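Student: Each residue of the sequence shown is one higher than the last, beginning at 1 in our numbering. Pasting a structure below so you can have a look.
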Amino acid sequence: MTTTPRPIAFFDMKAQQALIRAEIDAGIARILDHGRFIQGPEVDAIEAKLAGFAGAAHAVGVSSGTDALQIAMMAEGIGPGDAVFLPAFTYTATAEVPLVLGATPVFVDVDPATFNLDLEDLARRVALVEKEGRLRPRAVIGVDLYGLPANWPAIEGLCEKHGMFALDDAAQAFGGALHGRRLGTFAHATALSFYPTKTLGCYGDGGAILTNDPERAELYGSLRTHGEGRSRYEVLRTGMNGRLDSIQAAILLAKMPLLEGELRARRQAAAWYQAALGGRVATPQVGPGAESAWGIYTILLPDAAARPRVQAAMQAAGVPSAVYYPKPLHHQPAYRAAHAAGIEAGAPPLPVSEDICQRCLSLPMHPYLTEGDVARVAAAVLGAL
Ligand SMILES: *Cc1c(COP(=O)(O)O)cnc(C)c1O
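Below, the structure is given as structure tokens:
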């Protein structure tokens, strides 16, 4: 007799929901009763919890991770004439925001071991922009890709030296830590996304900005509400509609108590993957002192030709996979012109980002994977190599 193996989800929101469905239903019901759908008490409550979890002085709930990045940059007045340095290998939102504000993204290559900003390449490009003198080096957006913290002490050092704003795009990394300190206080501001598949996700769009700086926190609160002042109808600055709504805050409040345990379960799943795949394919490297939030689990295959073969074998075995990301941002049609405008003469190539895009493959990762699930995924990968 054959039994159908249990389906493996790439991300699993259902197993988690079953654990907290009653709290979620009750939280939504309370909001239906009190009627404060916008800026209700749930928003204040989740902001306090997020700040506490990350050890940050302030958390400001906003409408998405993208809006968190945008509000943080608007607060600095970043715009035309400003160069914003960010990795060429990341999700599109990181690059979109500087362009929306009229600034110029300058793509930086990534470190082949961590897939995060290569500090030498970053320093080189900052020097090139300075030397050309057309754009002002203004900000660095460090991304904690797949949940692994970027090299924040080094990024902070470089930003300090050049008077640049340091922004942490921790959309994939809430819960990650560096030298025992959770992400949230390394950069001047840290952007979180609560897109449903992130390590802490709501049931729609949501995000937050963490900071230790009270003046910045106040600006973020104003900018997310059309630039309002102390009274509701006083408009102090150009802002946007960027609020987190009460129902999404209630979902997050129901999920917060699970987060520590879920981060441990992600770590366990990563350890099972490492035991099964280490030495056979390139598995994620977590450097000394770093703790990944394991938002996404990504391996590097030996060559570009292997990826379609491995993905097909996985699909045949009923195992989902995904490619984050198939194209470096400087090759995206929307960003090509900006890339050419960032450093006009002698921009160094971005070989690591280009190579990783060809060979990366992301495997199922969520807190409800069993050791048996991971063994099945690993067997499907290894069988196709
Ligand atoms: C998800 C994500 C974002 C954007 O978050 P949204 O909430 O979807 O707007 C930004 N940066 C990175 C690296 C992400 O993974």
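Cβ atoms here follow ideal geometry from the backbone N, Cα and C, with glycine treated the same way. Remember, it's a predicted structure, so these values are computed and weren't measured experimentally.
Excluding the five sequence neighbours on either side, which residues of its own chain have a C-beta within less than 6 Å of the C-beta of C202, listed in chain order?
Tutor: F194, Q248, I251, L252.
Student: Along the chain, where does the alpha helix (DSSP H) that runs through P214 open and close?
Tutor: Going by DSSP, P214 is part of the alpha helix (DSSP H) stretching over 214-223.
Student: Going by alpha carbons, who is nearest to V390 out of A29, A265, A384, A103?
Tutor: Beyond the ends of the chain as shown, which are 1 and 385, falls residue 390; an answer cannot be given.
Student: Less than 8 Å between the C-beta atoms of V369 and A275, yes or no?
Tutor: With the sequence shown as reference, residue 369 is identified as Leu, and Val is not the correct amino acid for it. Contact: no.
Student: Looking at P189: is its Cβ nearer than 8 Å to the Cβ of L167?
Tutor: It is worth fixing the name first, because residue 189 is Ala in this sequence and not Pro. Taking 8 Å as the Cβ cut-off, A189 and L167 qualify as a contacting pair.
Student: My output table needs one value for R181: the three-state DSSP class, helix, strand or coil.
Tutor: strand
Student: Does the beta-carbon distance from R138 to I78 come in below 8 Å?
Tutor: yes
Student: Taking T90 as the reference, give the member of V323, E291, A337 with the closest Cα.
Tutor: V323
Student: Which value, in whole angstroms, describes the spacing of the CA atoms of T238 and D118?
Tutor: 35 Å
Student: I want to check one thing, is the minimum distance from the CB of T190 to the heavy atoms of ligand 1 below 7 Å?
Tutor: No - ligand 1 has no heavy atom lying nearer than 7 Å to the Cβ of T190.
Student: Using C-beta distances below 8 Å, list every residue in its chain close to H162, excluding the 5 sequence neighbours before and after it, in chain order.
Tutor: V126, E130, P137
Student: Is it right to say E386 is buried, meaning 16 or more other beta carbons lie within 10 angstroms of its own, or is it exposed?
Tutor: An answer regarding residue 386 cannot be provided, because it is not within the stretch 1 to 385 covered by the chain.
Student: Leaving aside the five residues before and after V108 along the sequence, list all residues of the same chain whose C-beta is less than 7 Å from its C-beta, in chain order.
Tutor: F85, L86, P87, A88, L117, D118, D121, L122, R125
Student: Just the C-alpha distance for E47 and A304, rounded to the nearest angstrom, thanks.
Tutor: Just so you know, the alpha carbons of E47 and A304 end up roughly 43 Å apart.
Student: Give me the DSSP bridge partner(s) of S362.
Tutor: According to DSSP, S362 bridges with T298, A322.
Student: To which residues of the same chain is K49 closer than 6 Å at the C-beta, ignoring the five residues directly before and after it?
Tutor: M256.
Student: Under 8 Å, do C360 and T298 count as touching if we go by C-beta distance?
Tutor: yes
Student: Can you tell me which residues fall inside 6 Å of ligand 1, judged by beta-carbon distance to its nearest heavy atom, and keep chain order?
Tutor: S64, G65, T66, T90, Y91, A93, T94, V143, D169, A171, Q172, S193, Y195, D205, G207
Student: Alpha carbon to alpha carbon, how far is Y146 from A173?
Tutor: Computed Cα separation, rounded: 7 Å.
Student: Please determine if the segment 31-45 and the segment 152-159 are in contact, where contact requires at least 3 C-beta pairs separated by less than 8 Å.
Tutor: Flag = no, the segment 31-45 and the segment 152-159 do not touch.
Student: Compute the distance between the beta-carbons of L183 and A57, then report whether it is under 8 Å.
Tutor: no
Student: Does the separation of the CB atoms of Y325 and C357 fall below 8 Å?
Tutor: Yes, the Cβ-Cβ distance between Y325 and C357 is below 8 Å.
Student: My understanding is that V319 touches R376, with C-beta atoms under 8 Å, so please give their C-beta distance in whole angstroms.
Tutor: 6 Å
Student: Helix or strand or just coil, what does DSSP make of I356?
Tutor: Residue state for I356 is assigned as helix, using DSSP reduced to three classes.
Student: By DSSP, does D25 sit in helix, in strand, or in coil?
Tutor: Correct three-state label for D25: helix.
Student: Output needed for A75: all residues of its chain with C-beta closer than 7 Å, excluding positions within five of it in sequence on either side, in chain order.
Tutor: R216, L219, Y220, L223
Student: Determine the contact status of W272 and V374, defining contact as a CB-CB distance below 8 Å.
Tutor: yes
Student: Within 10 Å of its beta-carbon, does A110 have 16 or more other beta-carbons around it, so buried, or fewer, so exposed?
Tutor: Looking at the sequence itself, residue 110 is Val, so the reference to Ala does not match. Buried is the call here.
Student: Check whether the Cβ atoms of A191 and A170 lie closer than 8 Å to each other.
Tutor: yes
Student: Which same chain residues, not among the five before or five after F115, have their C-beta less than 7 Å away from its C-beta?
Tutor: F89, L145, Y146, I356
Student: Going straight from the alpha carbon of S63 to that of V97, what length do you get?
Tutor: Each residue's alpha carbon lies about 14 Å from the other.
Student: For G346, collect the residues of the same chain with a Cβ closer than 8 Å to its Cβ; drop the 5 residues on either side in sequence, then sort them by chain order.
Tutor: L128
Student: Considering only residues of the same chain and omitting the five flanking positions on each side of D67, which have a CB-CB separation below 8 Å?
Tutor: G207, R224, M240, G242
Student: Do you know how far the Cα of A93 is from the Cα of A15?
Tutor: 28 Å
Student: According to the neighbour-count rule (16 or more other Cβ atoms, all chains shown, within 10 Å of its Cβ), is H366 buried or exposed?
Tutor: buried
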